[in-house]
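Undergrad: At position 53 of the sequence shown (counting the first as 1) the number is 52 in numbering that gives the first Met the number 0, and the numbers step up by one without a gap.
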Amino acid sequence: MLKPEGYTIRFPVEGGPAGKHGSVAFDDKLWKSFGKAPEKGKAQIEAIMKMWCRFGPSDLPESKFKFQDRYEKGGKGVRIDEFKGWQVRFYGTTVEVDGKPMFLVTGADLAKKRTRADPDILNAAGKAAYNLVYPEKNRPKK
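1) Count the other CB atoms, across all protein chains shown, that sit within 10 Å of the CB of Lys83; report buried if there are 16 or more and exposed otherwise.
2) Would you identify the three-state DSSP class for Val12, choosing helix, strand or coil?
3) Taking just the CA atoms, how far does Gly73 sit from Trp51?
4) Between the C-alpha atoms of Pro16 and Ser22, what's the straight-line distance to the nearest angstrom?
5) For the alpha helix (DSSP H) holding Met50, just list the boundary residues, first then last.
6) The beta strand (DSSP E) spanning Gly125 covers which residue range?
7) Which whole-angstrom value describes the C-beta separation of Lys2 and Ala24, a residue pair presumed to lie in contact below a C-beta threshold of 8 Å?
8) List the endpoints of the continuous alpha helix (DSSP H) containing Leu59.
9) Under the DSSP definition of a beta bridge, which residues are partnered with Phe82?
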């Protein structure tokens, strides 16, 4: 898969290249959301995203990177994971770009007040991820 149009690698280094494991990419709207996140949460998310880029998800504590859901439609689905920092969550999916994992951020919750993910935000992030992984031109015809 190619890096989706409108997405820019932000971690481990602005604009790339990927880290030892992979990279994290945002579209402009979600990158602006990242900039608006509370400093404490933003610092935690940035640190954990950089760790993901270097080591991958298997070494990250579930309190910082966690599987959330699968978004399914038409017999195909995408996995939705979350990066977690103090009252801040960024959701997305992982794809392979140039032989390395790339986490595509597809949703954000900057004021998380409850333990569980907001179902509306999670569903929107899943739909956005699905549309990136399965663009309309590549979907099966009914």
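The beta carbon of each residue, even a glycine, is placed where N, CA and C say it ideally should be.
TA: Checking against the coordinates, here is how it stands:
1) buried
2) coil
3) 31 Å
4) Approximately 8 Å between the Cα atoms of the pair.
5) Per DSSP, the continuous alpha helix (DSSP H) segment holding Met50 begins and ends at 38-54.
6) That residue, Gly125, is in no beta strand (DSSP E); its alpha helix (DSSP H) goes 118-132.
7) 6 Å
8) Careful: Leu59 lies outside any alpha helix (DSSP H) and carries neither H nor E.
9) In the DSSP assignment, Phe82 forms a beta bridge with Phe64, Phe89.
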